[in-house]
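In what follows, a single structure is set out as structure tokens and then discussed.
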Amino acid sequence: GEVKLESLPVALESLVEDIHRQAMLLGQDRNVEVLLGTVMPAMVQGDELRLRELLLNLVENAVKYSHPGGKVEIALLTDEQHARLSVTDQGIGIAPEDQRRIFDRFYRTDVARAHTKKGTGLGLAICEWIAEAHHGHIDVKSTVGHGSTFTVTLPLARSAVKHLLIPA
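Under my numbering, the first residue of the sequence shown is numbered 4, with each subsequent residue one higher.
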């Protein structure tokens, strides 16, 4: 089957702010503070519903794998051509040997299964698919016992790139 994706301008900063409001409620249930870091304006071309799904999945994972009393931070930075959306937690972390496989469908680390019984191992595979479908990619940096940062890099919409390059 094929999934049809919209290709419309999406203001990522609005999406980040919406997800942050939802995530604060998710965090309260687990005693995890969800913070909004730097959020720069960023316009991308894509499917807002799928991009929302991607970010919400990353934030839900960050909250789920955080320790009570921990913090999760959502940030959005841009350069001349890309938006970089990051979700950082202070949770259980991911071992280097597992980092290569976490985007595989149905893969869950032993530590993740021990930490929470919920989950199918599809969330990160879906996130990777959404990022790639938007001509971007997703990366992880993680240290066991100290947390993880997932960064989604997406190309800025062409009109946004042109706007950035026009001298004032």
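Glycine residues also receive a C-beta, built at the ideal position from the N, C-alpha and C atoms.
(message) Nearest by alpha-carbon distance to Asn34: which of Val13, Glu100, Lys67 is it?
(response) The sequence position of residue 34 within the sequence shown is 31, counting from 1. Checking every option, the nearest Cα to that of Asn34 belongs to Lys67.
(request) Taking Met43 as part of the alpha helix (DSSP H), name the residues at either end of that continuous run. (result) Counted from its first residue, the sequence shown places residue 43 at position 40. Looking at the DSSP string, Met43 is not in any alpha helix (DSSP H), and its letter there is neither H nor E.
(request) Put Ser17 into one of helix, strand or coil per three-state DSSP. (result) Translated into the one-based positions of the sequence shown, residue 17 becomes position 14. In the structure shown, Ser17 sits in a helix (DSSP, three-state: H, G or I).
(request) List the whole-angstrom C-beta distance separating Leu54 from Val13, where the pair is believed to meet the contact cut-off of C-beta under 8 Å. (result) For this step, residue 54 is matched to residue 51 along the sequence shown. For this step, residue 13 is matched to residue 10 along the sequence shown. Contact flag correct, Cβ pair sits at about 6 Å.
(request) Return helix, strand or coil for Pro71, following the three-state DSSP convention. (result) Along the sequence shown, read from residue 1 onward, the residue named residue 71 stands at position 68. The answer is coil: DSSP assigns Pro71 none of H, G, I, E or B.
(message) Suppose the cutoff is 7 Å on Cβ atoms and the five residues either side in sequence are ignored; what does the same chain contact list for Met27 look like?
(response) As a first step, residue 27 is located in the sequence shown; it is residue number 24 there, counting from the start. Result list for Met27: Val37, in chain order.
(request) Report the three-state DSSP secondary structure of Val155 (helix, strand or coil). (result) Against the sequence shown, residue 155 aligns to sequence position 152. Correct three-state label for Val155: strand.
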